[in-house]
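Position 218 (the sequence shown) corresponds to 246 in my numbering; numbering is contiguous.
We treat Cβ as the ideally placed atom computed from N, Cα and C, and that holds for glycine.
Note that this is a predicted model, so its numbers are computed, not measured.
One structure is given here, and the rest of the page talks about it.
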Amino acid sequence: MLMKSLYPLAIAVACLSCSSFVASSEGSVFVGFETSEGFTPNSRSNTAGWSFSNDNRIRVSNGTTEPAHTGQYSIYTLGGSTITAQNTSLASASEHLNTFTVSIASPTTSWANNANTSWVYIFLWDETLQANRAVQFLTRYGTTSSSNYIIGYSRDSGLNDDKVATYYSNTAQSNLVLTDWNTFSTVFDFENQTYTLMLNDEVYAANIALPDTWDVSGIVGTWLISPGNANTTTFYDSLSITQSIPEPSTLALVGLAGMMAAVVKTRRRSGR
Numbered sequence: 029m030l031m032k033s034l035y036p037l038a039i040a041v042a043c044l045s046c047s048s049f050v051a052s053s054e055g056s057v058f059v060g061f062e063t064s065e066g067f068t069p070n071s072r073s074n075t076a077g078w079s080f081s082n083d084n085r086i087r088v089s090n091g092t093t094e095p096a097h098t099g100q101y102s103i104y105t106l107g108g109s110t111i112t113a114q115n116t117s118l119a120s121a122s123e124h125l126n127t128f129t130v131s132i133a134s135p136t137t138s139w140a141n142n143a144n145t146s147w148v149y150i151f152l153w154d155e156t157l158q159a160n161r162a163v164q165f166l167t168r169y170g171t172t173s174s175s176n177y178i179i180g181y182s183r184d185s186g187l188n189d190d191k192v193a194t195y196y197s198n199t200a201q202s203n204l205v206l207t208d209w210n211t212f213s214t215v216f217d218f219e220n221q222t223y224t225l226m227l228n229d230e231v232y233a234a235n236i237a238l239p240d241t242w243d244v245s246g247i248v249g250t251w252l253i254s255p256g257n258a259n260t261t262t263f264y265d266s267l268s269i270t271q272s273i274p275e276p277s278t279l280a281l282v283g284l285a286g287m288m289a290a291v292v293k294t295r296r297r298s299g300r
């Protein structure tokens, strides 16, 4: 009876792998917006295959007075009307990369009711549609200067999709320090058509459903968009698209779960 009672525990331990990931370097994409990658400091023209809005409120940073998460440069965006830095061909759909990560800082941020401080589109390849789908996430101020910040995440309704679901979650200002660098990761489970959002290496929202009509199989690119408040400057850096795998400690737990299940199976056979 003891071993039978351990069997559900084995399954539960195995499921811990769903929320603990490390990135595999094979087939991965990393963009630091550095000169060594073909980017031009303080410019938005002919920059490493990216397309920038024709507006002086968006560009590669100057590398001196402006912050960078890694290296020397980042993407500078000043709020107001929507402007973008975009590349929807960063990765091949055939690689089936499932994890998107980007770091965001808004050092000049100040409270403004319902104005977003960052806004990111993540493009996924749909095998049936033979075109891109998109999900998006953004950070927003709370309703007062002291209230929790808001993270919004949704699937897009304007890119070949007639459905939209938007979710908003509050997070304490101490957990999302907008004036400093924050790292967001979105991990997709294409087999189960869900995704998990992580903030600064902690799971923020798990198993968010993608539409049943989608047949997405890999991340292919992104849009990095200006903040909503005209007086806000947001920087993007350290963007990566990778294939995430369970970390070694998680694999060990899965192995333990497998051994426990095997013992249960052996005991059941010997009892017959």
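For residue 73, is the classification buried or exposed, using 16 other Cβ atoms within 10 angstroms of its Cβ as the cut-off for buried? exposed
Shortest alpha-carbon distance to residue 93 belongs to which of 266, 55 and 70? 70
Do residue 111 and residue 79 have their C-beta atoms within less than 8 angstroms of each other? no
Helix or strand or just coil, what does DSSP make of residue 8? Residue 8 cannot be examined here, being either before or after the span of the chain that is shown, 29 to 300.
Out of 125, 145 and 116, which one is the CA nearest neighbour of residue 109? 145
For residue 176 and residue 200, the rounded distance between their alpha carbons: 5 angstroms
Which one or two residues does DSSP pair with residue 177 in a beta bridge? 199
For the beta strand (DSSP E) that contains residue 112, what are its first and last residues? 112 to 115
Alpha carbons only, please: which of 242, 167 and 213 is nearest the one belonging to residue 230? 213
In the DSSP assignment, what residue or residues form a beta bridge with residue 233? 225
Three or more C-beta pairs below 8 angstroms linking the stretch 222 to 237 and the stretch 260 to 268: no
Have a look at the DSSP bridge pairing and note the partners of residue 154. 159 and 244
By a C-beta neighbour count over all protein chains shown, 10 Å radius and 16 as the cutoff for buried, is residue 126 buried or exposed? buried
Out of curiosity, what's the CA-to-CA distance linking residue 254 and residue 211? 17 angstroms
Buried or exposed: where does residue 102 fall if 16 or more other Cβ atoms within 10 Å of its Cβ makes it buried? buried
Among all the DSSP beta bridges, which residues are the ones paired with residue 130? 212
6 angstroms Cβ shell around residue 268 - same chain, five flanking residues per side excluded: 58 and 129
Minimum C-alpha distance to residue 232 - residue among 165, 248, 220 and 139: 165
The beta strand (DSSP E) with residue 87 in it runs from where to where? 86 to 88
Cα-Cα separation, residue 87 to residue 114: 11 angstroms
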